[in-house]
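In the numbering used here, the protein residues as written are 1 to 91.
The beta-carbon is built from N, C-alpha and C at its ideal position, and this holds for glycine as well.
Please read all numbers here as calculations on a predicted model, not as lab measurements.
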């Protein structure tokens, strides 16, 4: 069985979106690319009696970027930077 790293598929999705948008002639629209939602369950995971009673987003102090969440965040940032560099080189 081949090991599949989630961030590889995630990276491919970002790269595809950015390349597609970058290839459109005269594309001047602001585009929002929605990403994954970090775990926000408390008192356990979503499938282990955890719950989500939040009524507001995490603050910077509450948000922890480590492990899987950090890997996904860094993947997004790397692909955005690569897309920006490509766009600048194309004019």
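* By how many angstroms is the C-alpha of residue 11 removed from the C-alpha of residue 78? -> 9 Å
* Would you verify that the beta carbon of residue 14 is, or is not, closer than 8 Å to some beta carbon of chain D? => In the structure shown, chain D does not exist; there is a single protein chain.
* Cβ-based burial, residue 18 [other Cβ within 10 Å; buried from 16] -> Around the CB of residue 18, 16 or more other CB atoms lie within 10 Å, so the residue is classed as buried.
* **DSSP three-state assignment for residue 42, whether helix, strand or coil** => In this structure, residue 42 counts as strand in the three-state DSSP scheme.
* To the nearest angstrom, report how far apart residue 64 and residue 73 are at their CA atoms. => Rounded to whole angstroms, residue 64 to residue 73 spans 11 Å at the Cα level.
* Asked: Can you tell me the Cα-Cα spacing of residue 6 and residue 16, whole angstroms?
  -> 16 Å
* Measure the C-alpha to C-alpha separation of residue 46 and residue 36 and round it to an integer number of angstroms. => 15 Å
* Asked: Taking Cβ to Cβ, would you say residue 41 is nearer than 8 Å to residue 51?
  -> yes
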